[in-house]
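In order, the protein sequence lines correspond to chains P and E. First residue of the first sequence: 46, per our numbering; consecutive thereafter. First residue of the second sequence: 8, per our numbering; consecutive thereafter.
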Amino acid sequence: MEQFVSALTIFVLALFVGFEVINKVPPLLHTPLMSGANAISGITLVGTLVTSGVQLTTFTTILGFLAVAMATANVVGGFLVTQRMLAMFHGKDEKAGRA
Amino acid sequence: MPEPAINLFYLLASVLFIFGLKDLSHPRTAVRGNLLGSLGMLIAIVVTLADRRIVSFDVIIAGLLIGGLAGAWMAYRVEMTAVPQVVAIFNGFGGGASALAVGAALEEALKGGFVEEISVQFTTAAAVSGIIGGLSLTGSAVAFGKLQGLISEKPLLLPMRHAINIALAAASLGFGVWLVVDPSGSSAFWWSTFIASVLGILLVMPIGGADMPVVIALLNSYSGIAAAGHGWVLNNSVLIIAGSLVGAAGFILTVLMSKAMNRSLPNVMFAGVGAEVATESSTDDLYAGRVKSASPEEVAMLMEDARRVVITPGYGMAVAHAQYVVGDLSNVLASRGIEVEFGIHPVAGRMPGHMNVLLADADVPYDRLKDLEEINPTFRQTDIVLVIGANDVVNPSAREADPSLPIAGMPILDVDQARSIVVVKRSLSPGFAGIPNPLFAADNTLMLFGDAKAVVTELIAALKEGGDVR
C-alpha cells in the first residue's frame, strides 16, 4: 500500500509538471513536440530490458524480444525524426541547417 | 549497481526529460531540447543494463539492434509529407511494447521470478497498461493505414457501432478486473489486451482523415499512459514520470486540436464526421454563375501590384507535394519587396503543426509562419490571400450559428476579409466536412483550378516573365 501511494504521488505530480511545461508550446512546434514526446514515451524500453533479460521461459523471451525491438524503434526513430525536423526550422537571418 | 544509485540516475534522466520538453517549446532551443531528451534516455538505458536481474544479454542486443536499425531507417527515409504516419507508427510501437512487456512481466511473476508477490498494484497496472497499450498499438496501425492511403480515409461506419464498442470496452475492462480479483493465471490479461486491441481498430476506423490531428495526439497521450502503467507494474519511477509527462503533453495537444475545430473530443471520436457529402443541388445553387476562374498569368499580374500577400495552406498542399514550389513562390514575392506571410490553421493537415514542418522543409523561415491568432487581424490589410489546398478552415459559413453544420463555430482563417482571394483547387468539390464553401462564390474570389504544384509553378513562371518585360 505504501508503495502504491508513493507511485501515485509521483504519477500525479509528473502529470502536473507535464501540463505546466508543455502548455505554452507555439503551434509552430506542435509536430516536433509531439514526436519528441513520443520518443520519450519509448522509456518503456527500460522496463522491457529488465523483463527480457530475466529469460524465465521461451514465451516470455519472445515477448521480451518483441517489446525491446518495438520500444527501441520508438526511441531511436522518434528522436531521429524529431532532430531531422528541427534541423529544418530556421529564422530569417539564420542559414538553413541542411545542405 | 546498488538500487539507490540506479534510482538516482533515473532521477537525473527524469530531470533531463523535463528540461528537454521545456526546451522543445521554443524554436531556438528546440534542438537542444531533443538532445537533452535523448541523453536522458541513454542514461536510463545504460543504467538499466547494469540491473542485476538481467541474466542474459543476447535477446536484448538482438532487440536493440533490430529495433534501432528499423527506427533509424524509417526516420531517415521518411518524406516530410509522410511524417504523420511515421509518428503514428512509432506511437503504436511504444504502446505495443508496453502491453507485451507487461504481459511478459506477469508471466514471469506467475512463475515465481521477477517480483516477490503479485500485488493489487501490479495486476491493476498490468491490466491498464495492457488495455491502453493494445488500444494504442492497433489504433495507431489503423491511423497509419489511413494516412498512408492503405485504407480509405473516409469514416467507416458499422451499424450499431456504439453498442459494439461499449460491449467490447466492457468485456475488456471485465477481464482486467478478473485479473485483479484472481491473479493466479494470465489468460484474463491476454483476453483483456486482445479485446482492447480489437476495440482500437473499431475506434479509429470511423474517424475521417481531417480529424487525424486529434487522433494522433490522443494516441500519443495513450502511449505515455501505457508507459506510466508499465512503470507501476515494475515500480520504476522513471517510467512513471516520463510516461505521465508524455500523457499530459498528448492530452494538451488533443484538447487544443478539438478546440481548434470547436468540437468536443467525444464528437471527434464518435460522431463519424466526414461520411456525408453535400448534395449536388445545394452546391449548384450556391455556385451557379457566381464562380469566377482565372489563369495563372492573370493572378501573377494581380500579385505584381500587391503589397501584402498571405498564403494559407491546407492538406491539399501536402497531397500535391507543392510545399517546395509554394516556398519558392514566397521567396519570389518577397524578393520583389512584397510582404509575404503564411496563415496556418491549427488543424490544417493531418497532425498538429503539419504545415509548419512542410514549409520549414521548403526553406521558409519560421518568422513568416503565423498562427491563427496572429494572422487573423491582418487580413483586412492584405491585398491577396492565396488559399492552397485548404477548404473547411477558410469556410466563412463556420461563423453562422447553424449547429447542424460540422464546422459550426470553428475558428477559421478570416481570409474573406482580404481585398482579393485566390483559391488554388482542383474542383469545386466540398472539403472534409462535406459542406459547400461560399468563399468560392464571393465577389472578390478568383478560382485557380488545377493541381497545386502545377498551378503554382506556372504562377512563378508568369511572375518571372512579367518581371523581365519591365
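We put the CB at the ideal spot given by N, CA and C, even for glycine.
According to DSSP, residues forming a beta bridge with residue i
i	result
Ser-427/E	Ile-391/E
Val-316/E	Val-347/E, Ile-391/E
Ser-300/E	Met-454/E
Reduced DSSP category for residue i - H, G, I as helix; E, B as strand; rest coil
i	result
Val-347/E	strand
Pro-213/E	coil
Phe-201/E	helix
Thr-102/P	coil
Leu-376/E	strand
Arg-477/E	Here Arg-477/E scores only 44 on pLDDT, less than 50, and its place in the model is too uncertain to base an answer on.
Thr-131/E	helix
Lys-7/E	Nothing can be reported for residue 7/E: it is not among the residues displayed for chain E, which extend from 8 to 477.
Met-8/E	coil
Thr-36/E	coil
Arg-270/E	coil
Gly-321/E	coil
Phe-439/E	coil
Leu-225/E	helix
Whether residue i touches residue j by CB criterion (9 Å)
i	j	result
Val-431/E	Thr-452/E	no
Ala-12/E	Ala-112/P	no
Gly-457/E	Arg-426/E	no
Met-264/E	Val-354/E	yes
Gly-70/E	Thr-76/P	no
Ala-459/E	Ala-329/E	yes
Gly-102/E	Ala-118/P	no
Asn-383/E	Ser-230/E	no
His-361/E	Pro-220/E	yes
Ile-395/E	Thr-319/E	yes
Ala-20/E	Val-54/E	yes
Leu-66/P	Lys-266/E	Just to set this straight, residue 66/P is Val in the shown sequence, not Leu. Taking 9 Å as the Cβ cut-off, Val-66/P and Lys-266/E do not qualify as a contacting pair.
Glu-114/E	Thr-54/P	no
Ile-85/P	Phe-258/E	no
Gly-323/E	Ala-397/E	yes
Leu-186/E	Ala-134/E	yes
Arg-375/E	Lys-137/P	yes
Ala-148/E	Ile-208/E	yes
9 Å Cβ cutoff, residue i in contact with chain P
i	result
Ser-194/E	no
Leu-55/E	According to the sequence provided, residue 55/E is Thr. The question's Leu does not apply to it. Output row for Thr-55/E: interface = yes.
Ser-300/E	no
Ile-125/E	no
Gln-388/E	no
Met-310/E	no
Val-476/E	Unreliable positioning characterises Val-476/E in this predicted model, as indicated by a pLDDT of 47, which lies under 50. A coordinate reading is not provided.
Ser-404/E	no
Gly-75/E	yes
Trp-185/E	no
Met-81/E	yes
Asn-172/E	no
Phe-345/E	Residue identity differs from the one stated: residue 345/E is Ile in this sequence, not Phe. It does not: the Cβ of Ile-345/E has no partner Cβ on chain P nearer than 9 Å.
Lys-153/E	no
Pro-384/E	no
Asp-370/E	yes
Val-317/E	no
Gln-330/E	no
Gln-128/E	yes
Phe-520/E	With chain E covering only 8 through 477, there is no way to say anything about residue 520/E.
Euclidean distance between Cα positions of residue i and residue j
i	j	result
Gly-152/E	Glu-348/E	33 Å
Asn-14/E	His-169/E	45 Å
Phe-64/E	Val-462/E	57 Å
Phe-561/E	Ala-217/E	Lying outside 8 to 477, the shown extent of chain E, residue 561/E is not represented and no answer is given.
Ser-300/E	Tyr-294/E	12 Å
Thr-103/P	Thr-200/E	20 Å
Val-50/P	Gly-78/E	36 Å
Asn-363/E	Ala-37/E	14 Å
Lys-161/E	Ala-150/E	12 Å
Thr-96/P	Ala-255/E	26 Å
Ile-232/E	Gly-250/E	6 Å
Leu-180/E	Val-205/E	13 Å
Ala-369/E	Lys-377/E	16 Å
Ser-32/E	Thr-88/E	22 Å
Leu-58/P	Asp-312/E	57 Å
Gly-63/P	Asn-41/E	16 Å
Leu-43/E	Ile-139/E	27 Å
Leu-210/E	Ile-173/E	11 Å
Phe-196/E	Phe-129/E	12 Å
CB contact check: residue i to chain B, cutoff 9 Å
i	result
Trp-198/E	Of the chains in the structure shown, none is chain B; the protein chains are P and E.
is_contact[residue i, chain E] using C-beta, thresh 9 Å
i	result
Ala-144/P	Any reading at Ala-144/P must be qualified, since the residue scores a pLDDT of 35, below 50, and its modelled position is unreliable; no value is offered.
Ala-141/P	Only weak support is given to the placement of Ala-141/P: the predicted model assigns it a pLDDT of 46, under 50, and the value that follows is read from those uncertain coordinates. Chain E, which has a Cβ nearer than 9 Å to the Cβ of Ala-141/P, makes this yes.
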